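Taken in sequence, the protein lines are chains F and X.
Residue 1 is where the first sequence starts when you use UniProt numbering, and the numbers rise one by one after that.
Residue 1 is where the second sequence starts when you use UniProt numbering, and the numbers rise one by one after that.
Notes follow once the structure below has been shown.
Protein chains: 2
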Amino acid sequence: MAITIKDVAQLANVAPSTVSRVIANNPRISEKTKVRVRKAMTKLGYHPNFIARSLANQSTRIIGLVMPSSSNDYYQNPFFPTILQGLSEGAQENHYSLLLSTGKTEDEIYEGVVNMVQGGMVDGIILMYSRMNDHILTYLRERDFPFVIIGKPYDYIEEITYVDNDNVLAAEQATDYLIKLGHERVGFIGGDESLMMTIDRLSGYERALERAGIDRRMEYTLHEDFLHEGGQAAAKRLLSIDEPPTALVVSDDLMALGIVHSLREMGVRTPEEMSIVSFNNVLFSELSLPALTSVDINIFDLGYQAAKGIIHMLQTGDAPAGTIIPHHFVERHSCRSIKQGAMAMTY
Amino acid sequence: MAITIKDVAQLANVAPSTVSRVIANNPRISEKTKVRVRKAMTKLGYHPNFIARSLANQSTRIIGLVMPSSSNDYYQNPFFPTILQGLSEGAQENHYSLLLSTGKTEDEIYEGVVNMVQGGMVDGIILMYSRMNDHILTYLRERDFPFVIIGKPYDYIEEITYVDNDNVLAAEQATDYLIKLGHERVGFIGGDESLMMTIDRLSGYERALERAGIDRRMEYTLHEDFLHEGGQAAAKRLLSIDEPPTALVVSDDLMALGIVHSLREMGVRTPEEMSIVSFNNVLFSELSLPALTSVDINIFDLGYQAAKGIIHMLQTGDAPAGTIIPHHFVERHSCRSIKQGAMAMTY
DNA sequence: TTGAAAGCGCTAACAC
DNA sequence: GTGTTAGCGCTTTCAA
Numbered sequence: 001m002a003i004t005i006k007d008v009a010q011l012a013n014v015a016p017s018t019v020s021r022v023i024a025n026n027p028r029i030s031e032k033t034k035v036r037v038r039k040a041m042t043k044l045g046y047h048p049n050f051i052a053r054s055l056a057n058q059s060t061r062i063i064g065l066v067m068p069s070s071s072n073d074y075y076q077n078p079f080f081p082t083i084l085q086g087l088s089e090g091a092q093e094n095h096y097s098l099l100l101s102t103g104k105t106e107d108e109i110y111e112g113v114v115n116m117v118q119g120g121m122v123d124g125i126i127l128m129y130s131r132m133n134d135h136i137l138t139y140l141r142e143r144d145f146p147f148v149i150i151g152k153p154y155d156y157i158e159e160i161t162y163v164d165n166d167n168v169l170a171a172e173q174a175t176d177y178l179i180k181l182g183h184e185r186v187g188f189i190g191g192d193e194s195l196m197m198t199i200d201r202l203s204g205y206e207r208a209l210e211r212a213g214i215d216r217r218m219e220y221t222l223h224e225d226f227l228h229e230g231g232q233a234a235a236k237r238l239l240s241i242d243e244p245p246t247a248l249v250v251s252d253d254l255m256a257l258g259i260v261h262s263l264r265e266m267g268v269r270t271p272e273e274m275s276i277v278s279f280n281n282v283l284f285s286e287l288s289l290p291a292l293t294s295v296d297i298n299i300f301d302l303g304y305q306a307a308k309g310i311i312h313m314l315q316t317g318d319a320p321a322g323t324i325i326p327h328h329f330v331e332r333h334s335c336r337s338i339k340q341g342a343m344a345m346t347y
Numbered sequence: 001m002a003i004t005i006k007d008v009a010q011l012a013n014v015a016p017s018t019v020s021r022v023i024a025n026n027p028r029i030s031e032k033t034k035v036r037v038r039k040a041m042t043k044l045g046y047h048p049n050f051i052a053r054s055l056a057n058q059s060t061r062i063i064g065l066v067m068p069s070s071s072n073d074y075y076q077n078p079f080f081p082t083i084l085q086g087l088s089e090g091a092q093e094n095h096y097s098l099l100l101s102t103g104k105t106e107d108e109i110y111e112g113v114v115n116m117v118q119g120g121m122v123d124g125i126i127l128m129y130s131r132m133n134d135h136i137l138t139y140l141r142e143r144d145f146p147f148v149i150i151g152k153p154y155d156y157i158e159e160i161t162y163v164d165n166d167n168v169l170a171a172e173q174a175t176d177y178l179i180k181l182g183h184e185r186v187g188f189i190g191g192d193e194s195l196m197m198t199i200d201r202l203s204g205y206e207r208a209l210e211r212a213g214i215d216r217r218m219e220y221t222l223h224e225d226f227l228h229e230g231g232q233a234a235a236k237r238l239l240s241i242d243e244p245p246t247a248l249v250v251s252d253d254l255m256a257l258g259i260v261h262s263l264r265e266m267g268v269r270t271p272e273e274m275s276i277v278s279f280n281n282v283l284f285s286e287l288s289l290p291a292l293t294s295v296d297i298n299i300f301d302l303g304y305q306a307a308k309g310i311i312h313m314l315q316t317g318d319a320p321a322g323t324i325i326p327h328h329f330v331e332r333h334s335c336r337s338i339k340q341g342a343m344a345m346t347y
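Right, here's the structure in full:
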C-alpha cells in the first residue's frame, strides 16, 4: 500500500485535513506548518491518490475522447494524430488527462461513452467528428453533460459548443480557384455523406458553381470511401461520363492521392488532364507527385481549441459558442489553367 | 447527485452489499433477489460509479498509453492511428479503457506518467516506442509497475514484456532483396538513432551486406529527421558522394516519400536511378508514385498484442515474455534490377 | 490556524 | 443467502 495522507500527517504531527489543505495550498495554513508538511511529504515520497480525490471531489480532471468508429476510414487518416496532438497539448496545459473511447462499432462506442459519463470517469467529452443524427450527441445533450464537438453541429447549433473550420467558405474558394483557372466541368468527391464536413464542403462547392453561373451536374458528385479502394471506383465512374470533369474538388488529401493514382493507372495525368484541389494539407500532400494543392485547415488548432473549449466550460460553466479556425489555401502543382493563352501550369 | 447503490437497495428492499453482489453476479445471491434488484436498477436508471469502485478495488481497469514526445516526428506518422486502433480493440475486448499521456517534452511526459502511476489512475502502462536509456522505462522498472513496451527493450530484455517485429531480420531481407537485384552500393536511411527500431534495422542492413561480402561504407548511412525537411538534406548528402548509392533501405514510408520527392527535384528518378525499400507499408505507400516496395510490419497487431499482453499480465501476474509479430515484404515499383540482362523493373 | 468527523459510492470480511 | 460494518484516500464542513 502506498503512502497516504495519514502517514504524512503522522510524521508532520498534524491532522490529515491539514495535509489536505497544504496540498490545496490553502492560505489559511501557516507557512511554518506548510513547510513542515511538505518536508514530510517529500521525505515519505508521498503522491496524492487521484481516485480518492476524484471520489471526494466528484471530478476527475479527465476528458473523454470519442473517436469515430474504427471501422470508419476516417480514423485511418493522418488527420488524427495531429488532432490528438492538439488535444493533448490543450489538455496538458490545464492539467487534464485524456481518456480514449474504445470500440469498433457504433454501438460499442456508444456504450463506452455511457460508461465514461455515468460511471463518473470523465468531467467532459470531446466528439472528434460531427455527423447528422448522432446517437452519442443526443445522449450527451439529453443528460446535459458538458461536451464540445469538432465539426459543425447538425442541429441545435446555438446550443452546442463546437470547433470547426468554415468548410463552406473553404470549399467555395477551392472551387472558385478551379473556375478561375478556366474549368467549367468541376466535380466534387466527398467522403462519408453523413459527416458535416462533407455536407458543408459540398454546399460550398455548389455555391461557387452557382455564383459562376455553372449548372451543377449530378454525375459530377461522388461520395465514397476511397481509402480502401484507392479511388478505383470513383476514377472509373468519372471517366465513364461522356463529358468527364476537367477538375475535381476532393474532400481529403488521402482520397485525392487515391484518385490521382487510379486516374494515372487509367492513363489520365494530373494536372495535365485533371486538376485536383483537396483538403487538410497533411504532411505527405507536399511530397506526393504531383504535390497537392490543398486547403490547410489547421488541424492541430482544431484539437487544441477543442481542449481549451471544454476545459473552459468545465471551469466556468460558460454558455456555449462556436469557434471557427481559419483555413488557408496552399497552392502546389495539382491544378493547371485551361484558359486560352494562359500558362500551362500554375506554378 | 446520481443514483447510487443505496437507492437501489432501498427500492429493492435489500442491503447495499446485496446490490453490490448482484452487480458482481455473485453466485451466492438467489435468482429471485437478483431479478428484483436488477429490476430496481433499471427502474432507477442506476449506473455503477467507476471511481468509487476503483477506490474500493484498488484497480481502475485503465491502461496508460505513453506516446513519444509530440516534438518527436515519430508521432506524426500514420503509423500511430493504426497502433491506437489495435490497442483500442485489444482493450475493448477485455473491458479496459485507455488513458493517453499528454505533454510535449520528455519531462512533461515523465511527470504525466508518474501521476498516472502513483496517482493510481492506471493499472498498467504501454510504452508505444522503445528507445535506449529511457527514463520512463527505468522508473517503471524500479517501481515494479506492470508495463509492456512496443519495440525491443534496450536492455534487461529477459525481464521485460514487449511486442515487436523482428526488425533485424526484416531489414536484412529488405537489403538482401536489393542486393539480389544487383545493387552493391546500398545505403541506409534511419530515423531517430536512439529508437530500437532504427538500431535493429541498421544491424539487419549490416548483416545482409556482410553476408554478401559487401564492405559497408559509412557515408551510405544517414540518420536524420526527414519528415520536416522532406528529405532534402539527405538527398543532397547522398548525391554529393563521389560514388552515390544506387539503392536505399529507408526506415519509414513517409521518409521514403520525402526522399523520393527530393531526389526527383534534383533530377534523380525512382526507381530508374535509385531503388528504394521502406518500412511500415502505411496506406499511402500503395498510392504514391512510384508505389513503394515496403515491409509490412502489421502495425495493428503490434497494438493489439500489446493490449492483450498487458491485460494478461494484470490478470494473471504472469512472467514477462516477448511477442514477435511477423512481417512480410510487399513488392511494388520502387526498385529495379541493375543486373546484366535483367528486366528493367521488377513489376 | 488547526483538528475531528462525516461522507464521496463501492467492496469485502465477517456475522447471522 | 443476506445484512452489518469497516474501510479505500481524500475533501470539507463544523468546532475549537
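Even glycine gets a Cβ: it sits at the ideal position worked out from N, Cα and C.
Only a predicted model underlies this, so the values are computations on that prediction, with no experimental measurement involved.
Those residues of the UniProt domain "HTH lacI-type" (3 to 57) of chain X placed with their C-beta closer than 7 Å to a C-beta in chain F are His47, Pro48, Asn49, Phe50, Ile51, Ala52, Ser54, Leu55, ordered along the chain. With a beta-carbon spacing of about 12 Å, Thr221 (chain F) and Gly191 (chain F) fall beyond the 8 Å limit used to define contacts.
The residue from F:Ser240, F:Asp215, F:Gly90, F:Gly182 with its alpha-carbon nearest to that of Met266 (chain F) is F:Ser240.
By the Cβ rule, the region 276 to 295 of chain X counts as touching the region 252 to 267 of chain X, because three or more pairs are nearer than 8 Å.
Of all residues in the region 249 to 282 of chain X, the ones placed with a Cβ closer than 8 Å to any Cβ belonging to chain F are Leu254, Leu257, Gly258, Val260, His261, Arg264, in chain order. Between Ile150 (chain X) and Leu127 (chain X), the C-beta spacing is below 8 Å. Neighbours of Tyr75 (chain X) across chain F, judged by C-beta separation under 8 Å: Pro81, Gln85. Its chain contains no residue whose beta carbon lies nearer than 7 Å to that of Glu273 (chain F) once the 5 sequence neighbours on both sides are disregarded. When secondary structure is reduced to three states using DSSP, Ala208 (chain F) falls in the helix class. Residues of the region 123 to 146 of chain F with a C-beta atom less than 7 Å from some C-beta of chain X do not occur. With its beta carbon at least 8 Å from every one in chain F, Gln315 (chain X) lies outside the interface. Annotation for Ser203 (chain F): Val168 place their beta carbon closer than 6 Å to its own, counting only its chain and skipping 5 residues before and after. In this model, Leu248 (chain F) and Leu178 (chain F) are separated by some 8 Å (Cα to Cα). Listed in chain order, the non-local C-beta contacts of Pro244 (chain F) below 6 Å within the same chain comprise Leu238, local neighbours out to five positions each way being set aside.
With fewer than 16 other Cβ atoms from the protein chains shown falling within 10 Å of its own Cβ, Glu193 (chain F) counts as exposed. In chain F, no part has a C-beta under 9 Å from the C-beta of Lys308 (chain X); the shortest such distance is about 13 Å.
By the C-beta density criterion, Gln118 (chain X) is buried, having at least 16 other C-beta atoms within 10 angstroms.
Counting every other CB atom within 10 Å of its CB across the protein chains shown gives Ser17 (chain X) a total below 16, marking it as exposed. DSSP, reduced to helix, strand and coil, places Ala247 (chain X) within a strand of the structure shown. Non-local beta-carbon contacts of Ser88 (chain F) in its own chain, meaning distances under 7 Å to residues more than five positions away in sequence, involve Leu98 in chain order. Ser97 (chain X) is bridged by DSSP to X:Ile62. Taking 7 Å as the cut-off between beta carbons, the residues of the region 95 to 109 of chain F near chain X are Ser97, Leu98, Leu99, Leu100, Thr102, Gly103, Lys104, Glu108, in sequence order. Against chain X, the CB of Pro78 (chain F) has a partner CB under 8 Å away; the residue lies at that interface. By the criterion of at least three beta-carbon pairs nearer than 8 Å, the region 306 to 316 of chain F is in contact with the region 153 to 169 of chain F.
The beta-carbon of Ser294 (chain F) is placed no less than 8 Å from the nearest beta-carbon of chain X. Rounded to the nearest angstrom, the Cβ distance from Leu263 (chain F) to Ala291 (chain F) is 16 Å, too far for a contact under 8 Å. At a beta-carbon threshold of 9 Å, the residues of chain F lying near Gly119 (chain X) are His47, Pro48, Asn49, Phe50, Ile51, Arg53, ordered along the chain.
For Gln232 (chain F) and Asn77 (chain F), the gap between their C-alpha atoms comes out near 18 Å. When the Cα atoms are used, Lys6 (chain F) and Ser70 (chain F) turn out to be separated by approximately 45 Å. DSSP, reduced to helix, strand and coil, places His261 (chain X) within a helical segment of the structure shown. In this structure, the straight-line span from the alpha carbon of Glu111 (chain X) to that of Asp73 (chain X) is close to 21 Å. Per the coordinates, the alpha-carbon of His47 (chain X) lies some 10 Å from the alpha-carbon of Met116 (chain F). With respect to chain X, the C-beta atom of Phe188 (chain F) has no partner C-beta closer than 8 Å. Rounded to the nearest angstrom, the gap between the Cα atoms of His135 (chain F) and Glu108 (chain F) is 12 Å. In this structure, the straight-line span from the alpha carbon of Arg36 (chain X) to that of Ala2 (chain X) is close to 20 Å.
In this structure, DSSP gives Ile29 (chain X) a state outside helix and strand, which the three-state scheme calls coil.
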